[in-house]
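One structure below.
Protein chains in written order, with my numbering: chain A, 1 to 223; chain B, 1 to 341.
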């Protein structure tokens, strides 16, 4: 899958561009061809790295636009009217779970959608993934929601780092990684070289479907 | 005020229409038609009218011809779409300016009863305001003179490329510039925005006795205009040319070039003052920062997102709030333009 950042000068776009270059992913396009789908990243730069790696593995050469709103997490959902002003019929939103319950997050997302006049029906669902068929102001579109985090990472706070910690455990079994203090802290304790090793392993050998299950589902729902 | 501009077979635009506001900020990618729109508006009042840029005959079409020259190639063939169109037209509301190609000549006509009756090489009787050449920079190949008055409200085009072409005009008008204290006013004005304290401008001999236009510093030193920062130079020249020409439509291509935010904000305030004096301002920029700064200073501002698809001009009008809302959503309108239009 190829990514077309809608704000190429943002920190997230630079991060994705850097990751794409360093890992030779070639996932950035500078000119949009027939793009009808959008990925919205609700959180930070590491989400961008995850997306670059996932884009490399998924959906062939088809293109999606990419946006990172100024507001994080659920604030990203509130920007939906701006995205619907563009030619998108399929939108995926990736947000961190943090310390909240998954059900609580999905019900907040659904409340926000209804408040902005979206009629929604659940088409597919999993623990951290939901696919809605939506209609707003006569425009129908699909919205995929992926909540970052993994149950088998025993931490209070869940985020994209859960997935990278899991990938680190798989590719560097000798390294001691404790996620109890929080996957974010564990991930940040790894030095740059080890982090790069994880990214490279994900690029070459990574079972992205097992490590990023909900994100893979959300991105596959775009096509 | 020009409400609507319509182009046909003009430069890179096969066809297109742009609605204009009292202050229009044209945003768009490279090759999106921004400069073409401004050049059309510059030619519209009359391609043969005198303009403050040093070219043979100092006429509007000649100034653009000088900008477009590449290697030894000259002439006005660039006015026609793909160089091959037989006619090109610029329409401002109900006023129409047409360029008609015949052999090596370009007949320029309007839909007003103005100009001279002329029999073309093919024997057709038409009313023209002048002729241009496809291959030569001069204006009047076929007739002794052209009609040189502005037919609609006069426009002035500013750009960093044109700035250097205005020195001769400034020199010729120097008594006016100094005696009504335009030079002093703009020099002091620009001093508010930079570290140097300029008090006036002078024309004096430089090395070898040749003349130069200088900015005069408070301590008596002189700096040649060409040696000042590019932003200072653009600012000084724009303000002086405006004061001399007093156009009803001010056009500025690539406004962000050379301006830091302080200077940009000052220019934005100036544009707002002009709009309130019923001067129409139309500018182009690549910079979202510039567009937002200028739009925020004037409530009559309209942002116009331009794109050229298969040589057809596409336009989306946006308010500052819409641009800001999209920025908050992580969308830069300049990049999202193919998905917006």
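C-beta: ideal position from N, C-alpha, C; glycine also.
- With a beta-carbon spacing of about 20 Å, residue 335/B and residue 71/A fall beyond the 8 Å limit used to define contacts.
- Taking each of 23/B, 36/B and 3/B in turn and checking the Cα distance to residue 311/B, the smallest one comes out for 36/B.
- Look at residue 206/B here: in three-state DSSP terms it is coil, with no helix or strand label.
- Annotation: residue 37/A to residue 91/A spans about 6 Å, alpha carbon to alpha carbon.
- Assignment of beta strand (DSSP E) within the region 128 to 207 of chain B, counting only whole runs of 3 or more residues, yields 130 to 133, 155 to 158 and 198 to 205 in chain order.
- DSSP, reduced to helix, strand and coil, places residue 309/B within a strand of the structure shown.
- Taking 8 Å as the CB threshold, residue 50/A stays off the interface with chain B.
- Residue 83/A: member of the alpha helix (DSSP H) spanning 80 to 84, first to last residue.
- For residue 91/B, there is no enclosing alpha helix (DSSP H); the enclosing beta strand (DSSP E) covers residues 87 to 92.
- Between residue 171/B and residue 67/B, the C-beta spacing is not below 8 Å.
- Using beta-carbon distances, residue 326/B counts as an interface residue toward chain A, with a partner under 8 Å.
- Ranked by Cα distance from residue 183/B, the first of 326/B, 201/B, 33/B and 193/B is 201/B.
- No Cβ-Cβ contact shorter than 8 Å links residue 4/A with residue 25/A.
- With its beta carbon less than 8 Å from one in chain B, residue 7/A belongs to the interface.
- Interface with chain B (8 Å Cβ-Cβ cutoff): residue 35/A is included.
- The residues 198, 199, 200, 201, 215, 216 and 236, in chain order, have a CB closer than 8 Å to that of residue 187/B in the same chain once the five nearest residues on each side in sequence are set aside.
- With the rule of 3 Cβ pairs closer than 8 Å, the region 32 to 48 of chain B counts as touching the region 143 to 158 of chain B.
- At a cut-off of 8 Å between beta-carbon atoms, residue 247/B makes no contact with chain A.
- The residue from 299/B, 48/B and 22/B with its alpha-carbon nearest to that of residue 282/B is 22/B.
- Annotation for residue 190/B: 198, 232, 235 and 236 place their beta carbon closer than 7 Å to its own, counting only its chain and skipping 5 residues before and after.
- Within 7 Å of the CB of residue 338/B, the CB atoms of chain A belong to 32, in sequence order along the chain.
- Non-local beta-carbon contacts of residue 76/B in its own chain, meaning distances under 7 Å to residues more than five positions away in sequence, involve 61, 65, 106, 132, 133 and 134 in chain order.
- Residue pairing for residue 341/B: DSSP places it in no beta bridge.
- Note on residue 71/B: under 16 other CB atoms within 10 angstroms of its CB, so exposed under the neighbour-count rule.
- For the 8 Å CB-CB criterion, residue 11/A and residue 45/A form a contact.
- Across the structure, residue 122/B and residue 103/B are spaced so that their CA atoms are roughly 10 Å apart.
- The residue from 314/B, 315/B and 258/B with its alpha-carbon nearest to that of residue 290/B is 258/B.
- In this model, residue 213/A and residue 183/A are separated by some 17 Å (Cα to Cα).
- Between residue 286/B and residue 256/B, the gap from beta carbon to beta carbon is short of 8 Å.
- Residue 16/A and residue 27/A have their alpha carbons spaced roughly 9 Å apart.
- Between residue 92/B and residue 177/B, the C-beta gap is not smaller than 8 Å, which leaves the two residues out of contact.
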